[in-house]
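Asks: Start counting at 1 in the sequence shown, then tack on 188, and there's your number in my numbering. Let me give you the structure first, and then I'll get to my questions.
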Amino acid sequence: MKKLLVFFILAPVIALSAPYPATSTSALTAPEKGLYFLHKGFTVKTEGSDWIPVSKSEKSLLDTVRFAAKDKPKNGSLSIRTDKVSKTASLEIYTRKWMRDYPNYGFEVLSAKNFNLNGSPALVVDMLSRSKNKQIRQVILKNEDRVAIMTCLDDQANFKSSLKQCNQIMKSFSWNVTEKPVEK
189 MKKLLVFFIL
199 APVIALSAPY
209 PATSTSALTA
219 PEKGLYFLHK
229 GFTVKTEGSD
239 WIPVSKSEKS
249 LLDTVRFAAK
259 DKPKNGSLSI
269 RTDKVSKTAS
279 LEIYTRKWMR
289 DYPNYGFEVL
299 SAKNFNLNGS
309 PALVVDMLSR
319 SKNKQIRQVI
329 LKNEDRVAIM
339 TCLDDQANFK
349 SSLKQCNQIM
359 KSFSWNVTEK
369 PVEK
């Protein structure tokens with residue numbers, strides 16, 4: 189009887205704990221800290237923006253993470269997708285194919301520029317789809333055998349506002365540093 193009484197007293201306390209360590213309110217799950225995506229090979233922070241990760245309603249074939257404003261998730265968005273590529277392929281070779289295909293999909297390339305983002309070679313491409321009244325900024329980064337494609341998208345009239353939030357998040361992107369095992 190005493191054990192049963194202790195169980196009923198402690199059961200509500202036990203039920204309030206997280207089912208797995210670091211799965212509820214933790215720095216590991218807070219998107220503003222950037223550790224939320226460590227398992228995907230990168231970190232990205234939402235600190236300084238009012239955007240949060242948005243859950244996907246349907247399962248995507250592409251492993252994509254999407255961010256949008258807390259109060260207006262249907263407006264502008266930022267998606268981050270990663271791909272595996274050959275280690276020997278340069279960023280220029282990888283993106284050259286994409287650049288040729290953009291006009292076929294109705295995009296007018298406004299500008300393309302190489303730069304460095306947190307120590308990684310990157311390419312920023314600004315595009316416009318006049319038929320759909322959408323504006324896009326893509327930032328493509330390569331690290332060894334991985335490529336990340338960050339895409340900021342919104343209606344042309346609202347793009348400037350969304351771009352500010354997207355740039356804030358994109359600037360925080362960094363690949364995880366993996367140490368190579370010491371060979372004996």
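Think of the CB as a built atom: it goes at the ideal place given N, C-alpha and C, for glycine as much as any other residue. A quick note: this is a predicted structure, and the numbers were derived from the prediction, not measured.
#1: Nearest to Ser278 by alpha carbon, out of Lys301, Lys330, Pro291, Gln326?
#2: Would you kindly work out how many angstroms separate the C-alpha atoms of Ile328 and Asp271, rounded to a whole number?
#3: If contacts are defined as beta-carbon pairs under 8 Å, then Ile357 and Phe255 qualify, I think. What distance do you get, rounded to the angstrom?
#4: Does the separation of the CB atoms of Asp238 and Lys262 fall below 8 Å?
#5: Once the 5 residues before and after Gln353 are set aside, which same chain residues still bring their CB inside 6 Å of it?
#6: Select from Tyr290, Asn304, Asp333 the residue whose C-alpha is nearest the C-alpha of Asp314.
#7: Which of the three DSSP states is assigned to Gln326 in this structure?
#8: Report all residues from its chain with a CB closer than 6 Å to the CB of Val365; omit the five preceding and five following residues, and keep chain order.
#9: Hey, would you say Phe253 sits closer than 8 Å to Ser243, going by beta carbons?
#10: CB-CB under 6 Å to Asn302, same chain, minus the five flanking residues each way: which ones, in chain order?
#11: Looking only at its own chain, which residues have a Cβ that is under 8 Å from the Cβ of Val297, when we skip the five neighbours before and after it?
#12: Near Thr299, what residues of its chain come up, given a Cβ to Cβ distance below 7 Å and the 5 sequence neighbours on each side ignored?
Replies: Looking at the coordinates:
#1: Lys330
#2: 11 Å
#3: 6 Å
#4: no
#5: Ser237, Trp239
#6: Tyr290
#7: strand
#8: none
#9: Reading the sequence as shown, one finds Val at residue 253 and not Phe. The answer is no: Cβ separation not under 8 Å.
#10: Closer than 6 Å at Cβ, skipping near neighbours: Leu311.
#11: Met287, Tyr290, Pro291, Val313, Asp314, Met315
#12: The residue asked about is misnamed: residue 299 is Ser in this sequence, not Thr. Counting only Cβ-Cβ distances below 7 Å, and skipping sequence neighbours, we find Asp314.
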